[in-house]
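First up is the structure itself, then whatever we jot down about it.
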Amino acid sequence: MQHIHQVTQRARLAPRREPYWAPLSKGRHVGYRKMSDGAGTWVARYYDEGTRKKTYKALGDFSLQPDHQRYDLATRAAAQWFEHISRGGLTTVTTVKDACDHYVTHQRRMRSEKAAHDAEQRFKNYVLNDPKLAAMDLAKLTPSHIAAWRKALQDKPKKNGKPRSNSSFNRDMTCFRAALNLALEDGFVTTNFAWRSKLKPLKGVDRRRELYLNIEQRRTFIAHAADDLAQFLRGMSLVPLRPGALAKLQVAQYDPRLQTLSVGSDKAGQGRRIALPQTTAKLFEELCRDQPGTAPIFRRADGKAWSKDAWKHPVSDAVTAADLPAGTTMYTLRHSTITDLVQTGLDTLTVAQISGTSVRMIELYYGHLTREHAKNALATLAL
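First residue of the sequence shown? That's 12 in our numbering, and the numbers climb one at a time after it.
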């Protein structure tokens, strides 16, 4: 056995393709491949007694470090790889790009095509645009790598040149964190040390919504909107859907006989059926009457479905004309209707199902509104 831990001994070795091996423990070796020119390279070898197979991993040449430190660095890298395997980690190299691709596939299979496309675009724009990071072995990621990526993302302006908002930053960062966490869960890497503390979302961004319109303000909002927009605003005031989900509704999704509305997969990733009260059903019946099944229920004056770009300026004009608080948007109506539902005492699970979101999000944003109901419920227990 050659003493590859000694610089002088390594210098005397004859160049050859097969590494010179040194045992670290049973079934685990570190090897040094002597090159005819330049620094030699280091390799790890793992023997699986169960399968009786040997697996190899190239560790690099550590040429940037002094000769006397290279053996220790190689054994340390080999030990990390051995630990990775012993914890059930894969023996093949998984890059950051592999992890991102794996997450997109997972989203497509477990959630929806839309969720997969959203993740794919975020990775393309904010992760895989760095070739060095994309090609990096997950096992070699360090906190400094992740910290540098985070800073670059935070400093990167939006497409329109405006500074990135904290909420946008959190969404883009959280997507990358989810991909890395899935890689950990599926054994591509065995520790989250590199990103555990570096990909925490900014605090105070997803705070409770504060802007609320009472019933009279909502009526004023509708009254100052053009006729086609007024119908859309009325729908937002009666059913707590996301604006995009309401805009996509087609006539065939409303059943006038049962007075139910079938909502397809939206941001929540799953469809649902909502039973409408008489007054709300009346609006839907009027809008659906004599219309083909593929027609949008809420239509612009030209018959086309509403979109974010189409309602942006008309909504802004109506807000100004109605003298409503600055910052009022379509989502303000959704927030206001959800607030009213929670304040009536409707349980958070039902509110979440109707509005197409999670119970966790309802409790995060509206949980404070349920305290009085809890207090009153406790009062009934008095002896």
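All residues carry an ideal CB built from backbone N, CA and C; glycine is no exception. The model shown is predicted, which means the values in this text are computed figures rather than measured ones.
Beta-ladder partner(s) of alanine 55, from DSSP: Val41, Lys68
Which residue comes first and which comes last in the beta strand (DSSP E) that contains valine 274? 271-274
Taking its Cβ as the centre, do 16 or more other Cβ atoms sit within 10 Å of proline 254, making it buried, or is it exposed? buried
Tryptophan 317 in three-state terms, based on DSSP: coil
Opening and closing residue of the beta strand (DSSP E) in which serine 36 lies: 31-36
Just to confirm my understanding: we take phenylalanine 180, look at its own chain, exclude 5 residues before and 5 after, and list those with CB closer than 7 Å. What are they? Leu164, Gln165, Leu213
Straight-line Cα distance separating lysine 45 from alanine 25: 7 Å
Taking tyrosine 398 as the reference, which of Ser123, Glu29, Gly49, Lys37 has the closest Cα? Nothing can be reported for residue 398: it is not among the residues displayed for the chain, which extend from 12 to 394.
Could you tell me whether the Cβ atoms of leucine 352 and proline 251 are closer together than 8 Å? yes
Report the option in Gln270, Arg284, Thr359, Ala237 whose CA atom is closest to the CA atom of alanine 312. Ala237
In chain order, what residues of the same chain lie with their CB nearer than 6 Å to the CB of threonine 339, ignoring the 5 residues before and after it? Val330
7 Å CB neighbourhood of alanine 130 in its chain, flanking five on each side removed: Tyr114, Val115, Gln118, Cys186
How would you label arginine 87, buried or exposed, when you count the other beta carbons within 10 angstroms and need 16 or more for buried? exposed
Taking the runs of the beta strand (DSSP E) that are 3 residues or longer, which of them lie wholly in the stretch 229-312? 271-274, 283-286
Spatial neighbours of proline 1 within its chain, please: C-beta separation below 6 Å, excluding the five flanking residues on both sides. Any property of residue 1 remains undetermined from this structure, which presents the chain solely from 12 to 394.
Just mark methionine 9 as buried or exposed, buried being the case when its beta carbon has 16 or more other beta carbons within 10 Å. Residue 9 is absent from the structure shown; the chain starts at 12 and stops at 394.
To which residues of the same chain is alanine 333 closer than 6 Å at the C-beta, ignoring the five residues directly before and after it? Thr231, Phe232, His235
Inspect the CB distances between the stretch 202-209 and the stretch 299-318 and report whether three or more fall short of 8 Å. no
For a minimum of 4 consecutive residues, which ranges assigned as the alpha helix (DSSP H) are wholly contained in the stretch 165-221? 177-196
Identify whether aspartate 83 lies in helix, strand or coil by the three-state DSSP scheme. helix
Compare the Cα-Cα distances from histidine 40 to each of Thr19, Arg21, Leu70 and report the closest residue. Leu70
Quick one: is threonine 290 buried, meaning 16 or more other Cβ sit within 10 Å of its Cβ, or exposed? exposed
Quick check: leucine 149 and threonine 106, are their CB atoms within less than 8 Å of each other? yes
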